[in-house]
Amino acid sequence: MASSDDAEGSLTPVDFIQLQHYMEDSSLRVQDVIKEFHTGGRMAQHCFGECMDAAGFSLFLKTYLELDDFPADFCQRLFHYFQNMDQDGSNKCSLPKAAGRVCLRDVSCYFSVLEEGQPREKLEFTFKLYDKDCNQLLDSSEVDRIITQMMRAADYLGWDVTELRPVLKEMMTAFDVDDSGTVTLEEWVKGGMNNVPLLVLLGLKMTERDGQHIWRMKHFNKPTYCCVCQNMLLGLGKQGLCCTCCKYTVHSRCANKNPEACSRTFVKSKKEIGIAAHDWIRADCHSNKCQVCHKKIKTLAGRRCVWCQELRHDECIFSGVSSCDCGPLRDHILPPWAIFPISKEEDSSLLNVTPDGHILQKGLLLKATKGQSLDANCSRTGHKEVMIVPIPDRHPLLVFVNPKSGGKQGERVLRKFQYLLNPRQVYNLSNGGPAPGLHFFRNLHQYRILVCGGDGTVGWLLDAIDKADLEVRPPVAVLPLGTGNDLARCLRWGGGYEGSDLREILKEVEASEQVPMDRWSIQVIPDNPQDAADPVPYEIINNYFSIGVDASIAHRFHSMREKYPQRFNSRMKNKLWYLEFATSETISATCKKLKDCLMIQCCGRSLDLGSMSLEGIAVLNIPSMHGGSNLWGESKKSDGAPKAEQSEVITDPELLKTVSQDISDRRLEVVGLEGAIEMGQIYTKIKSAGHRLAQTSQITIRTTKALPMQIDGEPWMQPPCTIHITHKNQANMLSAVPTKPSGFFHLK
Numbered sequence: 002m003a004s005s006d007d008a009e010g011s012l013t014p015v016d017f018i019q020l021q022h023y024m025e026d027s028s029l030r031v032q033d034v035i036k037e038f039h040t041g042g043r044m045a046q047h048c049f050g051e052c053m054d055a056a057g058f059s060l061f062l063k064t065y066l067e068l069d070d071f072p073a074d075f076c077q078r079l080f081h082y083f084q085n086m087d088q089d090g091s092n093k094c095s096l097p098k099a100a101g102r103v104c105l106r107d108v109s110c111y112f113s114v115l116e117e118g119q120p121r122e123k124l125e126f127t128f129k130l131y132d133k134d135c136n137q138l139l140d141s142s143e144v145d146r147i148i149t150q151m152m153r154a155a156d157y158l159g160w161d162v163t164e165l166r167p168v169l170k171e172m173m174t175a176f177d178v179d180d181s182g183t184v185t186l187e188e189w190v191k192g193g194m195n196n197v198p199l200l201v202l203l204g205l206k207m208t209e210r211d212g213q214h215i216w217r218m219k220h221f222n223k224p225t226y227c228c229v230c231q232n233m234l235l236g237l238g239k240q241g242l243c244c245t246c247c248k249y250t251v252h253s254r255c256a257n258k259n260p261e262a263c264s265r266t267f268v269k270s271k272k273e274i275g276i277a278a279h280d281w282i283r284a285d286c287h288s289n290k291c292q293v294c295h296k297k298i299k300t301l302a303g304r305r306c307v308w309c310q311e312l313r314h315d316e317c318i319f320s321g322v323s324s325c326d327c328g329p330l331r332d333h334i335l336p337p338w339a340i341f342p343i344s345k346e347e348d349s350s351l352l353n354v355t356p357d358g359h360i361l362q363k364g365l366l367l368k369a370t371k372g373q374s375l376d377a378n379c380s381r382t383g384h385k386e387v388m389i390v391p392i393p394d395r396h397p398l399l400v401f402v403n404p405k406s407g408g409k410q411g412e413r414v415l416r417k418f419q420y421l422l423n424p425r426q427v428y429n430l431s432n433g434g435p436a437p438g439l440h441f442f443r444n445l446h447q448y449r450i451l452v453c454g455g456d457g458t459v460g461w462l463l464d465a466i467d468k469a470d471l472e473v474r475p476p477v478a479v480l481p482l483g484t485g486n487d488l489a490r491c492l493r494w495g496g497g498y499e500g501s502d503l504r505e506i507l508k509e510v511e512a513s514e515q516v517p518m519d520r521w522s523i524q525v526i527p528d529n530p531q532d533a534a535d536p537v538p539y540e541i542i543n544n545y546f547s548i549g550v551d552a553s554i555a556h557r558f559h560s561m562r563e564k565y566p567q568r569f570n571s572r573m574k575n576k577l578w579y580l581e582f583a584t585s586e587t588i589s590a591t592c593k594k595l596k597d598c599l600m601i602q603c604c605g606r607s608l609d610l611g612s613m614s615l616e617g618i619a620v621l622n623i624p625s626m627h628g629g630s631n632l633w634g635e636s637k638k639s640d641g642a643p644k645a646e647q648s649e650v651i652t653d654p655e656l657l658k659t660v661s662q663d664i665s666d667r668r669l670e671v672v673g674l675e676g677a678i679e680m681g682q683i684y685t686k687i688k689s690a691g692h693r694l695a696q697t698s699q700i701t702i703r704t705t706k707a708l709p710m711q712i713d714g715e716p717w718m719q720p721p722c723t724i725h726i727t728h729k730n731q732a733n734m735l736s737a738v739p740t741k742p743s744g745f746f747h748l749k
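Letter by letter, the sequence shown follows residues 2 to 749 of this note's numbering.
What follows is the structure, given as structure tokens:
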């Protein structure tokens, strides 16, 4: 923590939060950027011994955070902070502050504490940074520097630091195994890898063995007790550690005092396969009644089954029913007794490995998942391969979460599902994408998938299912995170998750209906391959494709967000920016006279656009666009109107009035838009729809000048080209049961 008398060089909590936001968007590591300041590096001219000048510091921030326009005032505050950060003399550079420089190691150490990383790699790097005299030992002053840096991070993160310093001091003392007064690299790594609170405070993603807790710092809103010492967790900030998987809670100082094991995620013996046994975890039962003797359970005098959530007194554990039915979520849970690890030492007569790394066991084919961390792919079996034994009449849920969707919403959803289900069936898409989870489940014939994220995340998963070449294609449900979510809307999952109980979401998934959804291949062929052009974002259309006014607005929004991400950090700001770009597009009308620079053919039949003044063309696969607009609108059912028959293409205006949309009919709808004002009118339902132009099974579009385009919300500028859109396949999707009687595409 910065001392109270150097407020001039301190950071506010708002500054710190903003700095964290920048770091989350960066893909670089401190150790990689710092190399550029060493002799021979691109930025070596800004380094003076152990210090860097103001220009070098600014360059470091812009490079590390990948921001060319890092705010100058914020940069100056950070620079002053590092100039004034140590008043006790323990961490000063050899050059005076008046020289206008900051210590390179101080900057490196500070950011290395905040960024994520793998335990051993980060511990080794941290050791080298703090070993100021490079003697391969950490002395007491260097250890104090580590504690100081961690205290700063904890303070700004809002943790309760009143008891943290002595706890950290005790941890560091324990590292010195031989009582030599110094810590070697071997002692540091060995002690650090086995020191849970230290790893948590360093923000590390730990590779855990089965039965080990996955800790995170947490603030408890109501009285909570430590499961080790049984004393209350006190403090105003984050009072203690909580296991993500089983909710076991402890003081940070008690985490290393032999806490009870976490819940198992698989069985270790073949004899245990199929035996549905409870897994009891010490828990504060909040005076609820025991489900055996029906008497109240006192604080920390009871246990909870991780799978069925049943509560019992300690003495009643062996009195009741020994088998576990997994409770209300039984259809979704992949229980540990259905997962069995196969070690490399297995009898070769029982184990065959194919040349591509797959494992054949009793006729089941699965993909190796060794070495994956819980946070990455929830595989906590060390270096063992894993197989799943099918469970009759159950449909285990494979959950994929994009933690970057919806701000922090995705991270919270990830943790909640790791608690509600077996962590091994919950996958973080930031670590390896969908492929590992699909391989793990590939031999099951009855399972569902829940993808948590935006429409882009859903498309990512559907592409992965195509590439996985699964024997059975599982149906996919959507938990929409963030804004937009047009596909989730038309499948009745809503426009965005608003924090409701995930158990209710799981009930909806269980009751959902399977529907096929068309997917379309798009091929963009430039007239001149030498023309400079943005890359086409996708080769497949799931939702829609458009040219003109709406793509122009989306492209300007996308470009501005890429350039100034800090200006787009909330839903409200995003909506205001979008409104501003829509307003300016209305005034400038950059896509006016669109009909003069493109030609559309539907199954070889040219569309006549001469009678309309259009600024945009939309090709729709689903009845939702722009976050809830139905551009096709409701179809008329007047008695005298002719009824359209199923055919490859329909362009007759009267017949088009009776045509309804269907995501399974292998047809696309083509709609014309007059401008941004009309788009707003349709969104606010002042106007019912755009101009129906065609329903078709194949489209060819030719353009004669550069135009803005977008696929499923991803825009780009495209020079003159020819575009072919054809049917690719159908994906199995899950549609929520309507909340009230309505048409198939009732928007939730």
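Note that the Cβ used here is the ideal one computed from N, Cα and C, for glycine as well.
Computed from a predicted model, the values in this text were never measured in an experiment.
Inter-residue spacing [alpha-carbon to alpha-carbon] between residue i and residue j
| i | j | result |
| --- | --- | --- |
| Pro224 | Met233 | 7 Å |
| Leu595 | Arg703 | 12 Å |
| Asp54 | Val103 | 7 Å |
| Leu621 | Ile548 | 12 Å |
| Ile588 | Val537 | 28 Å |
| Tyr545 | Leu20 | 36 Å |
| Lys729 | Asp464 | 11 Å |
| Cys317 | Val229 | 21 Å |
| Asn92 | Gly236 | For Asn92, the predicted structure reports a pLDDT of 39, less than 50, and the residue's modelled location is therefore unreliable. The matter cannot be settled from this model. |
| Met734 | Leu415 | 21 Å |
| Thr250 | Arg304 | 13 Å |
| Asp179 | Glu187 | 12 Å |
Of the residues the options, the one placed nearest residue i, counting alpha carbons only
| i | options | result |
| --- | --- | --- |
| Pro424 | Leu398, Phe58, Leu445 | Leu398 |
| Gly460 | Phe401, Met561, Ser513, Glu316 | Phe401 |
| Ile35 | Ser27, Ser28, Met44 | Met44 |
| Arg606 | Glu635, Ala695, Asp535 | Ala695 |
| Met24 | Leu68, Cys52, Asp33 | Leu68 |
| Ser736 | Arg668, Arg449, Gln699, Thr458 | Arg449 |
| Asp177 | Cys291, Leu139, Arg217 | Leu139 |
| Gly673 | Thr727, Gln137, Gly617, Ser270 | Gly617 |
| Asp470 | Asp326, Ala732, Lys706 | Ala732 |
| Thr484 | Thr245, Gly455, His47 | Gly455 |
| Gln310 | Leu610, Trp281, Glu511, Gly495 | Trp281 |
| Gly438 | Pro475, Ser320, Ile724 | Pro475 |
| Thr705 | Ile651, Ser181, Cys598 | Cys598 |
| His440 | Lys468, Val452, Leu451 | Lys468 |
| Val650 | Tyr420, Glu670, Met626, Lys658 | Glu670 |
| Asp211 | Asp551, Leu492, Pro337 | Pro337 |
| Asn289 | Ala302, Ala277, Met734 | Ala302 |
| Gly238 | Lys248, His252, Thr245 | His252 |
| His39 | Leu29, Cys52, Pro342 | Cys52 |
| Ala489 | Asp285, Ile623, Asn257, Asp107 | Ile623 |
Under the three-state DSSP convention, the category residue i falls into
| i | result |
| --- | --- |
| Lys248 | coil |
| Thr183 | coil |
| Asn429 | strand |
| Val168 | helix |
| Cys255 | helix |
| Thr659 | coil |
| Tyr498 | coil |
| Lys371 | Confidence at Lys371 is low in this model, with a pLDDT of 29, below 50, so the placement of that residue should be treated as unreliable; the coordinate-derived value is given next. Correct three-state label for Lys371: coil. |
Residue i - containing beta strand (DSSP E), residue span
| i | result |
| --- | --- |
| Asp317 | Checking the displayed sequence, the identity of residue 317 turns out to be Cys instead of Asp. Looking at the DSSP string, Cys317 is not in any beta strand (DSSP E), and its letter there is neither H nor E. |
| Gly617 | 617-621 |
| Trp461 | From DSSP, Trp461 is part of no beta strand (DSSP E) but of the alpha helix (DSSP H) over 456-469. |
Limits of the unbroken alpha helix (DSSP H) element including residue i
| i | result |
| --- | --- |
| His81 | 73-85 |
| Phe441 | 436-442 |
| Gln32 | 31-35 |
| Thr300 | Here Thr300 belongs to no alpha helix (DSSP H), and DSSP marks it neither H nor E. |
| Arg562 | 550-564 |
| Ile678 | 677-684 |
Residue i Cβ short of 7 Å to the ligand ADP heavy atom set
| i | result |
| --- | --- |
| Phe38 | The ligand ADP is not part of this structure, which contains no ligands at all. |
Are the segment 428-435 and the segment 471-482 touching by the rule of at least three beta carbon pairs closer than 8 Å?
no
Can we say the segment 627-635 touches the segment 682-697, given the rule of at least three CB pairs closer than 8 Å?
yes
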